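Encoded as structure tokens, the structure appears first; notes follow it.
In my numbering, the protein residues as written are 1 to 875.
Here it is in structure tokens:
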């Protein structure tokens, strides 16, 4: 199966898209600055920049400042152990900034022959590789995941069996994506046709073969967790639905934004299939700058072609969505380093939830004016505004932000890695094996657009014509509910046209692919996916009236799928200029639709995720409800604030208000029962409620108090305090990571310490805080003992410090989830007591009820044979 030279690298010519149809809202918009077309106001980047280091290696790479606070991430996670396959021109593995991370053992094998990945025919793959994983060696630059392993799969060498426009061996190479944890694809198709022969939903097409390869990699890669596939959106700058495998749910499509102002790069493809955006270049004539990355050694490659005096071995002029994509690939490698149990669906969901606004939410379509000779020209940057997507997303208290230019927003390495690290707390990995899908089946439509709106009235990102013609609307019902992550919409359609020859001679009628058409899919809550196929290229066919094409939509997370959906569509008219186009009198008829929804099964177990954008989102007009967290549907629920760097004070008690830094954030509504919370890097204060809570403080000097119920407490890195209000209300709690620097605070004094104030704790010690097993109990989870030191009383608590590990084999910071003890009279049956404690009773204790009446506090060695092996202390 050949491609007829359809595929090229996505770092092709960096141009601009002039669109005279965008009407400026002001008489004299600024020249040389990006501006909002509706208001004329200048557009600027909406997020903070972070300088990861002051060495020359990173200072020259401006894109690193756009990825959030990546320095603390690098202090722990660098991509080590993560394998990246680079499907591209080839990588110069001998480059001094790549050789340390290059892994030749993962080269693809075709018919028993290993195919190397050398740098033929050019520098593109080498530059991509540098952005992902250039080594941290004090020279040149540094990759986002500078310890990830890199392997080249050269698909652009015309003499290689893997050649992208060759034959079956190319698809064989694509089917071997499961060799890698992550694959990078900075290349794409320039076939614009929206018709059956270019649909990934039609078996036998090239796009279908690519989509099948991606599906196989997701199913089989990483031992079933799935290879993560990252692909460039393209540089054409059209709606990218025609490059169908990038609209597939197994592929992460990445767009590009500019250094100067955060606006979408002028060349970047847009569309409702995008997941995230990343920083990259733009044309110098409109203020664009290139990315700094590895180039071919010496005078070969990009560097000297842009600047004959430029530094050898490196370039500062790389870009396109080719440059944005490996930045996201590097972030994914950091995520997998932080948590290698993530499924491919988890990675997509985390990237969406962790992305940030690159420009203000209210920003409309964006353009930039520039001098072209003696006249002023205009380049379109952003196609449309951000929208609120998915009322039930539970993201920063409400819906998520989504845009056809950026997907869910700009990738943020700090947010993504902090979320990735804790994601497994929320449930099983999201993989192909547990993915849920529901379908409407084929739904007859049978409606036709008038096709009377002037082509010149088309505007980016919205239906053309305004009051002149409303789009055709078709409503259909969905009976199932799925926690949706992706939607495929397959349309069977017909588009007849009149064909003209010279001097406007009518030659007859034929049928075209879908072009000059606009389509929207509207969810029951109003969330909308909009796609516009406004290209002027048409391919006519007299013999194939009905065509079929599958569109992919990423922006429906948080939508309740059950209910009434709406398909809207219209097509444009060529304004009676058939001699120019050769076609006229177009009419788009939608014969039928099929909507397939993919995600997880609907569940009452909710995760309410928060980022540092909470206050930005809550300030949007009409979004004040984000300040109330209401969850009354039951289930086992989480507050996920792992990506919030500020100090957090969070209480799970109804009516309590959580603070981020010095500001009140949200209040838990009446009758809302939230069981669990995880926070981030700050000095956080976590307070439980009367339920069985799991409190995870992660980094920072945290205070954890589970309150009533049987709670599990994890302080994480930093010196943490585990507090117990011992009045018969604290329940059976477990300290999962009792370690150096940690403290215990109790409202009852421990006595029985020796003259030095030291108390020796046995292995898996039970701390009986209220006279008996029916009262308050804490367990120090670990394989061995530890030593506590009495540290006096203050603020109403008696304080006890961790001094040292006890017996050999004690594991500092070990996390071990254990069954909670039941309250009330406690039987010695194994199911009623912590496993180690029940085992210590032996068969002789079977059926016995134990009540300990005389002591207020026990330090008990649960691995011993009798109580005398523990330390008894009286209050």
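C-beta: ideal position from N, C-alpha, C; glycine also. Values in this document were obtained by computation on a predicted structure and should not be read as measured data.
CA-CA distance, residue 520 to residue 471, rounds to 9 angstroms. In its chain, beyond the 5 residues on either side, no residue has a beta carbon closer than 6 angstroms to the beta carbon of residue 603. DSSP, read as helix, strand or coil, puts residue 635 in coil. Contact annotation: the segment 315-335 does not touch the segment 150-166, with fewer than three C-beta pairs closer than 8 angstroms.
Per DSSP, residue 418 is not a residue of any beta strand (DSSP E); the alpha helix (DSSP H) it occupies stretches across 413-422. When DSSP states are grouped into helix, strand and coil, residue 515 belongs to the coil group. Distance from residue 328 to residue 263 at the Cβ level is roughly 18 angstroms; contact not present, criterion being Cβ atoms closer than 8 angstroms.
For residue 224, the closest C-alpha among the options 440, 712, 86, 346 is that of 346. From the listed residues 32, 335, 793, 803, the smallest Cα separation to residue 739 is found for 803. Secondary-structure assignment with DSSP links residue 291 through a beta bridge to 318. About 26 angstroms separates the Cβ atoms of residue 203 and residue 232, ruling out a contact at the 8 angstroms cut-off.
Looking at the DSSP output, residue 251 sits in a beta bridge with 229. Taking residue 497 as reference, the option from 67, 516, 113 with the minimal CA-CA separation is 516. Setting aside the 5 residues that flank it on each side, residue 512 is surrounded in the same chain by 495, 497, 538, 540, each with a C-beta closer than 6 angstroms to its C-beta; the list follows chain order.
If you look at residue 348, you'll find it in the alpha helix (DSSP H) that goes 344-354. Burial state of residue 90 is buried, judged by a 10 Å Cβ sphere holding 16 or more other Cβ atoms. Residue pairing by DSSP places residue 453 opposite 572 in a beta bridge.
Cβ-Cβ distances below 7 angstroms link residue 424 to 339, 341 in the same chain, with the five nearest sequence neighbours on each side left out; the list follows chain order.
Taken through DSSP and simplified to helix, strand or coil, residue 149 comes out as strand. Using a Cβ distance threshold of 9 angstroms, residue 355 and residue 277 count as a contacting pair. Residue environment for residue 473: exposed (fewer than 16 other C-beta atoms within 10 angstroms of its C-beta). Non-local C-beta neighbours of residue 638 in its own chain, meaning closer than 6 angstroms and more than five positions away in sequence, comprise 426, 607, 676, ordered along the chain. Boundaries of the beta strand (DSSP E) around residue 550: 546-553. In this structure, 737 is the residue among 737, 756, 747, 652 with its C-alpha nearest to the C-alpha of residue 780.
In the three-state DSSP reduction, residue 658 falls in the strand class (E or B).
Closest by C-alpha distance to residue 634, out of 656, 654, 599, 671, is 671.
Here the alpha carbons of residue 643 and residue 624 stand approximately 21 angstroms from one another. Under the three-state reduction of DSSP output, residue 242 falls in the helix class.
Rounded to the nearest angstrom, the Cβ distance from residue 400 to residue 599 is 14 angstroms, too far for a contact under 8 angstroms. Under the rule that a run must span 3 or more residues, the beta strand (DSSP E) segments found entirely inside the segment 78-140 read 83-88. Counting only the Cα atoms, residue 219 lies some 24 angstroms from residue 549.
Taking a contact to require three or more Cβ pairs closer than 8 angstroms, the segment 204-215 and the segment 233-251 qualify as touching. In the structure shown, the three-state DSSP call for residue 300 is coil. For residue 74, the enclosing alpha helix (DSSP H) begins and ends at 70-74. In summary, residue 83 is buried, with 16 or more beta-carbon neighbours lying within 10 Å of its beta-carbon over all protein chains present. Looking only at 748, 148, 725, 721, the smallest Cα-Cα distance to residue 735 is reached by 721.
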